[in-house]
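Line by line, the protein sequences are chains X and S.
Position in the first sequence counted from 1, then plus 1, gives you this note's numbering.
Position in the second sequence counted from 1, then plus 4, gives you this note's numbering.
The C-beta atom is built at its ideal place from N, Cα and C for all residues, glycine as well.
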Amino acid sequence: MKKYWKSSKYKKYQRKKNRKTLKKIRKGKYKKAVGRDVIGETKSFKTKLIRKIIQVPDNFSLKNNIDEMQEFFMKVNKTVNNKKKVFLDLSKVKYISPDAILYILSMMDVFKNRGFTDFSGNAPNDPRCKDLFIESGFYDYVSSNLGKQKPNKNILSIRTGVDADPKLANKIVEFASSQLKLKMRGLKSTKGIFRIVVECMANTREHAYTLQNDYNSKWRIIAVYFPHDKKVNFTFLDNGKGIVKTIKKKWLESMGITGNDPSLLKSAFEGKRRSRTKEIYRGRGLPAIYKVFDQKIIDNLLIITNKPFLSYPENNQGKELNHHFSGALLSWDFILH
Amino acid sequence: MSIIISIAKDFSETPGARFRKNGSFSGEEFREDYLEKYFLDEKDSSEIEINLDGVAGYATSFLEETFGGLARKFGKDKVLRRLKFISEEDPLLIDEIKKYIKDSE
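See the structure below:
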């Protein structure tokens, strides 16, 4: 069967279209905007080629650069709300951490659920950043022309799910154990890691979403081995309501009259349980995660959710973010002592 | 006659979260399918030995739903009296479970 674009009818249509476009260029009535910010447009110009280019922060990391990253995400959100197509320019990124990669994917999910799918971008020029970006498995979740990527043995690429997946949790622990050359099972430390991963997964399903049939209900996790530091970093993200919003508050606190959000999160983590469900025997997940840190099985525990930013051991009191952070991000290191 | 259950060998080496709806190998599943049948006869006072070794780890929600849930259904005293725990890999786990049983309500 003859292909349509080879037909004379199609060629005639294309010639007519190109003549019209050329006429407009000569009259200076539209400016080609591919790869550049939109300078102007005519009402009749089809918007397919118009993209708003947004520069990604050089330090592309929630952990190390949360304020700038939040401003960046606000800019993206605003562009999406204005129904403009988005192009993320990562070319100048000098440092990238796994948490930012997970958050980009989550953000795209949120926009997709709002009916916005015109999202594109490039990879960092810096070779190390580019490798991490590619080997994280990011391109398994987006369309690209990169082709199949060779896996990196130091990275357990992004995994995603809806329910608690204990078999996957075990695979993640085994990855860490093999990188750090530990005995596979039976160690208190590996059991501690398993506990954290399963608790996080279960928390997404159980608490992060108030609607049981919420279509965006998912978590993401990635693990990266840093040979120089002899550590495995885990990053977990769910894009739900966030921990602070799901903790049951006393009515005064819910009015914002007493306490601030970091202290609320801190109290939940350190065992002053406030389960969303109010059932007294619930709400043990967060303290269990903190206990693993307290036992020095893990280090550099970071929690970002809603407004609080808690980083153990650095800022024990926590800080309040400038903008709301959608969902909950946990990051921790498993270090060989 | 003593009943012996090894979670790793009889149920799963990778126990999951709290409820069946949370995912596979949940505490609810283990409690309902493996433990509750031994508590249905009120006159039954036989010992049930639970071996906790051999697993990748335990989420707190799994342990609480299994044993705390059992206590909520059949009574703390009965559960504490009949269950005997073996945990050579992590002896502190036994104290943790007993706390869940005592705090269950």
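Q: Measure the C-alpha to C-alpha separation of residue 194 of chain X and residue 85 of chain X and round it to an integer number of angstroms.
A: Working through the first sequence from its first residue, we reach residue 194 of chain X at position 193. Working through the first sequence from its first residue, we reach residue 85 of chain X at position 84. Approximately 42 Å between the Cα atoms of the pair.
(Q) Is the beta carbon of residue 69 of chain S closer than 9 Å to that of residue 23 of chain S? (A) For this step, residue 23 of chain S is matched to residue 19 along the second sequence. For this step, residue 69 of chain S is matched to residue 65 along the second sequence. Going by C-beta atoms, residue 23 of chain S is nearer than 9 Å to residue 69 of chain S.
Q. Which same chain residues, not among the five before or five after residue 109 of chain X, have their C-beta less than 6 Å away from its C-beta?
A. Here residue 109 of chain X refers to the residue found at position 108 of the first sequence. Apart from sequence neighbours up to five positions away, the residues of its chain that approach residue 109 of chain X with a beta-carbon distance below 6 Å are 120, ordered along the chain.
(Q) Quick check on this structure: which residue in S:88, S:50, S:101 has the alpha carbon closest to the alpha carbon of residue 31 of chain S? (A) Taking the second sequence and counting its residues from 1, one reaches residue 31 of chain S at position 27. Checking every option, the nearest Cα to that of residue 31 of chain S belongs to S:101.
(Q) Against residue 62 of chain S, what residues of chain X qualify as contacts under a CB-to-CB distance less than 7 Å, listed in chain order? (A) Position 58 of the second sequence, counting from 1, holds the residue named residue 62 of chain S. Within 7 Å Cβ-Cβ: 196.
Q | Residue-chain proximity (residue 191 of chain X, chain S), Cβ-Cβ < 9 Å | A | Start at 1 with the first residue of the first sequence, and residue 191 of chain X comes out as number 190. True, the Cβ-Cβ gap to chain S drops below 9 Å.
(Q) In the DSSP output, which residue or residues are listed as bridge partners for residue 55 of chain S? (A) Translated into the one-based positions of the second sequence, residue 55 of chain S becomes position 51. Its beta-bridge partners are S:10, S:90.
**Q.** Proximity winner among X:145, X:137, X:285, relative to residue 159 of chain X (alpha-carbon distances)
**A.** Taking the first residue of the first sequence as position 1, residue 159 of chain X is located at position 158. Among X:145, X:137, X:285, the Cα nearest to that of residue 159 of chain X belongs to X:137.
Q | Local Cβ density within 10 Å of residue 73 of chain S, reported as buried at 16 or more and exposed below that | A | Taking the first residue of the second sequence as 1, we reach residue 73 of chain S at position 69. Buried, since its Cβ has 16 or more Cβ neighbours within 10 Å.
Q.
Alpha carbons only, please: which of S:56, S:103, S:58, S:21 is nearest the one belonging to residue 83 of chain S?
A. Sequence index remark: in the second sequence, residue 83 of chain S carries index 79 (1-based). Nearest option by C-alpha distance: S:103.
Q. Is any beta-carbon of chain S found at less than 9 Å from that of residue 212 of chain X?
A. For the purposes of this step, residue 212 of chain X is taken as the residue at position 211 of the first sequence. Confidence is the limiting factor: at residue 212 of chain X the pLDDT is only 46, short of 50, which leaves the residue's position unreliable, though a coordinate-based value still follows. False, the Cβ-Cβ gap to chain S never drops below 9 Å.
Q. Taking 9 Å as the CB-CB limit, is residue 233 of chain X close to chain S?
A. By one-based count along the first sequence, residue 233 of chain X stands at place 232. Residue 233 of chain X does not count as touching chain S.
Q | Candidates S:6, S:7, S:25, S:8: closest to residue 66 of chain S by CA position | A | Working through the second sequence from its first residue, we reach residue 66 of chain S at position 62. With distances taken between Cα atoms, residue 66 of chain S lies closest to S:25.
Q) Name the chain X residues whose beta carbon is nearer than 8 Å to that of residue 29 of chain S? A) The count along the second sequence starts at 1 and reaches residue 29 of chain S at position 25. 167, listed in chain order.
Q.
Under 8 Å, CB to CB, which of the residues in the stretch 133 to 161 of chain X have a partner in chain S?
A. none
Q) Near residue 298 of chain X, which residues of its chain fall below 8 Å by C-beta distance, leaving aside the five closest residues on each side in sequence? A) Looking up residue 298 of chain X in the first sequence gives position 297. The residues are 189, 190, 193, 194, 335.
**Q.** Buried or exposed (CB count within 10 angstroms, at least 16 for buried), residue 180 of chain X
**A.** Along the first sequence, one-based indexing puts residue 180 of chain X at 179. With 16 or more other Cβ atoms within 10 Å, it is buried.
**Q.** Residue-level contact to chain X via CB, residue 10 of chain S, 9 Å cutoff
**A.** As a working note, residue 10 of chain S is residue 6 in the second sequence. By this cut-off, residue 10 of chain S is not an interface position.
Q. In angstroms, rounded to a whole number, what distance separates the CA positions of residue 157 of chain X and residue 15 of chain S?
A. To locate residue 157 of chain X, count along the first sequence from 1; it is residue 156. To locate residue 15 of chain S, count along the second sequence from 1; it is residue 11. Looking at the backbone, the Cα of residue 157 of chain X and that of residue 15 of chain S are separated by about 27 Å.
Q: List the residues of chain S that residue 164 of chain X touches, going by C-beta distances under 7 Å, in chain order.
A: For the purposes of this step, residue 164 of chain X is taken as residue 163 along the first sequence, with counting starting at 1. Ordered by position in chain S, the residues that pass the 7 Å Cβ test against residue 164 of chain X are 26, 27.
Q.
Please return the same chain residues whose Cβ sits closer than 6 Å to the Cβ of residue 203 of chain X, not counting the five positions on each side in sequence.
A. Here the question's residue 203 of chain X lines up with position 202 in the first sequence. Around residue 203 of chain X: 165.
Q: Return yes when the Cβ of residue 328 of chain X is within less than 9 Å of the Cβ of residue 240 of chain X, no when it is not.
A: What you label residue 240 of chain X is simply residue 239 of the first sequence in a count that begins at 1. What you label residue 328 of chain X is simply residue 327 of the first sequence in a count that begins at 1. The Cβ atoms of residue 240 of chain X and residue 328 of chain X lie closer than 9 Å to each other.
Q. So, helix, strand or coil for residue 27 of chain S, using DSSP?
A. Locating residue 27 of chain S in the second sequence gives position 23, counting from the first residue. DSSP places residue 27 of chain S in strand when its eight states are reduced to three.
Q. Can you tell me whether DSSP reads residue 223 of chain X as helix, strand or coil?
A. The residue you call residue 223 of chain X lines up with position 222 of the first sequence. In this structure, residue 223 of chain X counts as strand in the three-state DSSP scheme.
Q | Any chain S beta carbon closer than 9 Å to residue 216 of chain X | A | Counted from its first residue, the first sequence places residue 216 of chain X at position 215. Because the pLDDT at residue 216 of chain X is just 49, under 50, the model does not fix this residue reliably, and the value given afterwards should be weighed accordingly. Cβ-Cβ to chain S under 9 Å: no for residue 216 of chain X.
Q | Within chain X, the residues that residue 19 of chain S reaches when beta carbons sit closer than 7 Å | A | Here residue 19 of chain S corresponds to residue number 15 of the second sequence, with the count starting at 1. Neighbours of residue 19 of chain S on chain X, chain order: 167.
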